[in-house]
Amino acid sequence: RGFKIAYVAASRAEYTIYTPEATDTKPGILWCYDNTRFLESIRTAAANADFVIALPHWGVEHSTELEDAQIDGAHAYIDAGADAVIGAHPHILQGIEYYKGKPILYSLGNFWFDDYDIDTLVAQLRIKGRKASPDDTSLENARIELKLYPGTQTGVYTGLADTPEWKSRILQDLENISINVTIDENGVVHERK
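Below, the structure written as structure tokens:
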């Protein structure tokens with residue numbers, strides 16, 4: 197469709213010698229304990245791409261409760277130019293929010309990590325709409341549609357929910373901990389206004 201998509205990632209959940217902060221003189225990862233550099237990276241990406249996906253590694257492990265830093269950070273990332281925010285680290289599902297019409301997934305759960313049973317999901321972000329031509333810079337008709345595919349990690353195996361009841365339970369549980377969304381029976385997420 198001619199869209200250029202940028203992915204920008206940072207962490208506020210790793211603070212060890214194994215994941216040092218990158219600087220101008222040493223390698224490492226982009227930290228977002230202080231969002232200054234991450235916001236700068238998002239702004240740079242937004243100036244060079246049609247869509248920006250921010251990928252923060254954040255939150256409290258095994259808790260559905262959101263930290264203020266997650267909510268404030270997600271809003272700041274969108275204000276800086278991100279079109280979607282997809283978080284990771286808590287190892288369980290956390291809620292979804294729309295902010296200024298853009299999706300924030302605070303945590304997708306685990307795809308493959310521990311050997312216990314836990315709900316998880318795969319998220320599909322689909323860009324709907326087209327550019328009039330490759331040189332068209334107008335994105336007025338383009339938007340991101342969010343669709344979820346619920347599943348469960350059992351042991352070290354992750355599979356999609358294969359019965360309507362199983363799928364419905366996971367989607368309803370996620371909707372219950374989300375901020376301003378509804379999720380239909382097909383897994384499509386809608387902003388509740």
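Everything in the sequence shown is counted per this note's numbering, starting at 197 for the first residue and increasing by one. Glycine included, every Cβ here is placed at the ideal spot set by N, Cα and C. Bear in mind that the values here come from a model prediction, so they are computed numbers and not experimental data.
Query	Result
Taking Cβ positions, are F307 and T359 nearer each other than 8 Å?	no
Could you tell me if A276 is buried or exposed, where buried requires 16 or more neighbouring beta carbons within 10 angstroms of its beta carbon?	buried
My parser needs the beta strand (DSSP E) runs of 3 or more residues fully inside the stretch 267-335; what are they?	280-282, 292-295, 298-301, 314-324
For P252, name the three-state secondary structure that DSSP assigns.	strand
Looking at L342 and L367, is the spacing between their C-beta atoms short of 8 Å?	no
Where do the ends of the alpha helix (DSSP H) carrying A241 lie?	232-244
Between which two residues does the alpha helix (DSSP H) carrying I366 extend?	360-373
Would you kindly work out how many angstroms separate the C-alpha atoms of F199 and I373, rounded to a whole number?	32 Å
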